[in-house]
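Q: In UniProt numbering, each residue carries its 1-based index in the sequence shown increased by 106.
Beta carbons: idealized from backbone N, C-alpha and C, even for Gly.
Given the structure is predicted, the values throughout are model-derived calculations rather than measurements.
Questions regarding the structure given below will be posed in turn.
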Amino acid sequence: GSGDLHGEVVVLGSGPGGYTAAFRAADLGKKVVLIERYDTLGGVCLNVGCIPSKALLHAAKVITETEEMSGHGITFAKPEIDADGLRGWKNSVVKQLTGGLGGLAKARKVTVVNGYGNFTGANSIAVETEEGTKTVTFDQCIIAAGSKPVHLPFIPHDDPRVVDSTGALELDPIPARMCVLGGGIIGFEMATVYAALGSEVTVVEMMDQILPGADKDIVKPLHKRMESRLKDIKLKTKVTAVEALDEGLKVTFEDGKGDETTEIFDKMLVSVGRSPNGGKIDADKAGVKVTDRGFIEVDHQQRTNVPHIFAIGDVVGQPMLAHKAVHEGKVAAEVAAGEKRAFDAQVIPSVAYTDPEVAWVGVTETQAKAQGMKVHKGVFPWAASGRSLSLGRSEGLTKLIFDPEDDRVIGAGIVGPNAGDLIAEVALAIEMGADAVDLGHTIHPHPTLSETVNFAAEMFEGTITDLM
Ligand code: FAD
107 GSGDLHGEVV
117 VLGSGPGGYT
127 AAFRAADLGK
137 KVVLIERYDT
147 LGGVCLNVGC
157 IPSKALLHAA
167 KVITETEEMS
177 GHGITFAKPE
187 IDADGLRGWK
197 NSVVKQLTGG
207 LGGLAKARKV
217 TVVNGYGNFT
227 GANSIAVETE
237 EGTKTVTFDQ
247 CIIAAGSKPV
257 HLPFIPHDDP
267 RVVDSTGALE
277 LDPIPARMCV
287 LGGGIIGFEM
297 ATVYAALGSE
307 VTVVEMMDQI
317 LPGADKDIVK
327 PLHKRMESRL
337 KDIKLKTKVT
347 AVEALDEGLK
357 VTFEDGKGDE
367 TTEIFDKMLV
377 SVGRSPNGGK
387 IDADKAGVKV
397 TDRGFIEVDH
407 QQRTNVPHIF
417 AIGDVVGQPM
427 LAHKAVHEGK
437 VAAEVAAGEK
447 RAFDAQVIPS
457 VAYTDPEVAW
467 VGVTETQAKA
477 QGMKVHKGVF
487 PWAASGRSLS
497 LGRSEGLTKL
507 IFDPEDDRVI
517 GAGIVGPNAG
527 DLIAEVALAI
537 EMGADAVDLG
547 HTIHPHPTLS
557 ETVNFAAEMF
567 EGTITDLM
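Given below as structure tokens:
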């Protein structure tokens, strides 16, 4: 039809992976069409993920910090929480970013088509737009369809008191009693927000630690601090039933020994993971293979089994993180434009933006142990960091993991305020092949939290010996 479009590169989905790929391909001279079902660009990360959650976490941090100052000689009045005002501010942060993306797309002459897209062949996608179906044809395509929250069959997800992360970000309402099912990054970030806003929060996690994936010693300071801010953290516990009653959600817990208890909650966040959207785009019509779980397999150049179709971001696998999607988006766009590129990043950092933050990168001790791999470590407790103490905090820890063969740094775990920013230095060190001496001999500004990386390397070298 007259509204039909052709792109040399067509990108399906406008999350961090998709918009990065679209912009990069356009910068490299390609005629690009970007397909997005929602009105705003930015995908999960900008609209209902990374950014709104960080705005709310900032509010939570201000609340807890002012509370804690009362022990240091300054007492603030109890905060008055206006959920509408806070939601409005969070939404304005999101709007500024998504609007910015719209401007960047225009500036690059990327054509945005709003509507749900499904493949109809190896070179075409049908998009259900408000003006009817548009056919978008392509020479090359980049699938960036992302992921969605996992729903559990025994949970009444249609009850408005049961929410996923998107619902939780709406703060509507801020309940008296909240249950967070899943003690991973998203669950713990939202638990932090609701606890600061006044909810009594219970987190329940099946594994024997919160933030499974991070080393236990790195997670412990967060666990300890949150034990005092939350009503309960239940480990090795399963939720086996949720009953929607008038007086609340009746939740049945089964602990490690098989004993059952029930409790009533006003709201429940189900944050048990995310599943890829690969199975919902008729990929088979283009010949693209999708796994049973909905992932699309790709090679080191982000190509699917169909050479002119690429895939990036959450839809290609773990870790489901925005910075991984962005990196893959650049690789796919550059390969599509004829450049010799491949995904060759050695490490992808993970961060929980809780309070304290927990960050890890590269090899963890748990992983090393599981693989029978010998590692050395240097650990610096923040109780000896002047900067940390002057923030009123002493629970942090910086741990560096070294290859015993050549002392190169191969991993790190950091817990403490701003750990997420600090982990970037170690990621760079790993990519550059830096060793303990490099990190130990680099002059870090004093007094900063970044010194803890420097000191952890010195602890390993044995040049700091009189600590504590
Ligand atoms: P998505 O962001 O999922 O975007 C996919 C886009 O494709 C969506 O806009 C969708 O509407 C569109 N789409 C899908 N199918 C179609 C179709 N058929 N037709 C048209 N459009 C379609 N990651 C971090 O790195 N740091 C964080 O702090 C962080 N915090 C998070 C907090 C929360 C609450 C959540 C839920 C996630 C968080 N994440 C975070 C994860 C991060 O949001 C994702 O890893 C990231 O958004 C993945 O990007 P993507 O490009 O693969 O896809």
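Determine the extent of the alpha helix (DSSP H) in which residue 202 is found, giving its start and end residues.
A: 189-213
Q: Would the C-beta of residue 142 count as close to the ligand FAD, meaning under 7 Å from any of its heavy atoms?
A: yes
Q: Kindly examine the ligand FAD and report whether one of its heavy atoms sits closer than 7 Å to the Cβ of residue 247.
A: Proximity of the beta carbon of residue 247 to the ligand FAD is not indicated: no heavy atom of the ligand is located closer than 7 Å.
Q: Residue 431 to residue 420, Cα distance in whole Å?
A: Between residue 431 and residue 420, the C-alpha separation is close to 7 Å.
Q: In whole angstroms, what separates the C-alpha of residue 171 from that of residue 216?
A: 44 Å
Q: Rank 380, 377, 400 by C-alpha distance to the C-alpha of residue 387 and give the top, closest one.
A: 400
Q: Residue range of the beta strand (DSSP E) that residue 468 falls in?
A: 463-468
Q: State yes or no: is the C-beta of residue 538 nearer than 7 Å to some heavy atom of the ligand FAD?
A: Relative to the ligand FAD, residue 538 has its C-beta separated by 7 Å or more from all heavy atoms.
Q: Between residue 250 and residue 182, what straight-line distance do the alpha-carbon atoms span, to the nearest angstrom?
A: 46 Å
Q: Of the choices 127, 299, 213, whose alpha-carbon is the least far from that of residue 169?
A: 299
Q: Under 8 Å, with one C-beta from each stretch per pair, do the stretch 362-371 and the stretch 184-199 reach the 3-pair mark?
A: no
Q: Using DSSP with H/G/I as helix, E/B as strand and the rest coil, what is residue 572?
A: Confidence at residue 572 is low in this model, with a pLDDT of 48, below 50, so its placement is unreliable and no value can be given for it.
Q: Any idea if residue 523 is buried or exposed, counting beta-carbon neighbours within 10 angstroms, 16 or more meaning buried?
A: buried
Q: Going by alpha carbons, who is nearest to residue 492 out of 527, 561, 230, 471?
A: 561
Q: Using the Cα positions of residue 572 and residue 537, report the straight-line distance between them to the nearest angstrom.
A: Reliability of the predicted coordinates at residue 572 is poor, the pLDDT of 48 falling under 50, and no value is obtained from them.
Q: Whole beta strand (DSSP E) runs in the stretch 231-258 with 3 or more residues, listed along the chain?
A: Here the runs fully enclosed are 238-249, 253-255.
Q: Tell me whether residue 556 sits in a helix, a strand or coil according to DSSP, three-state version.
A: Reduced to three states, the DSSP call for residue 556 is coil.
Q: Does the beta-carbon of residue 122 have 16 or more other beta-carbons within 10 angstroms, so that it is buried, or is it exposed?
A: buried
Q: Is the stretch 254-270 touching the stretch 374-387 in the sense that three or more CB pairs, one from each, lie closer than 8 Å?
A: yes
Q: What distance in whole Å lies between the Cβ atoms of residue 540 and residue 515, which are believed to be in contact at a cut-off of 8 Å?
A: 6 Å
Q: Which runs of the alpha helix (DSSP H) fall wholly inside the stretch 465-546 and span at least 4 residues, in chain order?
A: 471-476, 492-496, 525-538
Q: With a threshold of 8 Å, are at least 3 pairs of Cβ atoms found where one atom belongs to the stretch 492-511 and the other to the stretch 428-448?
A: no
Q: Determine contact between the stretch 311-318 and the stretch 480-496, defined as no fewer than three beta-carbon pairs at a distance below 8 Å.
A: no
Q: Would you kindly check if the distance between the Cβ of residue 289 and the Cβ of residue 309 is under 8 Å?
A: yes
Q: Does DSSP put residue 125 in a helix, in a strand, or in coil?
A: helix
Q: Would the stretch 454-465 count as touching the stretch 517-535 if we require 3 or more Cβ pairs under 8 Å?
A: yes
Q: By Cβ distance below 8 Å, which residues in the same chain neighbour residue 219 in space, the five residues on each side in sequence not counted?
A: 111, 139, 140, 141, 142, 233, 235, 240, 242
Q: Check whether the Cβ of residue 156 sits closer than 7 Å to any heavy atom of the ligand FAD, and report yes or no.
A: yes
Q: When you measure from the CB of residue 329 to every non-hydrogen atom of the ligand FAD, does any distance come out below 7 Å?
A: no
Q: So, for residue 116: in the same chain, excluding its five sequence neighbours on each side, which residues have a beta-carbon less than 6 Å away from its beta-carbon?
A: 139, 242, 244, 247
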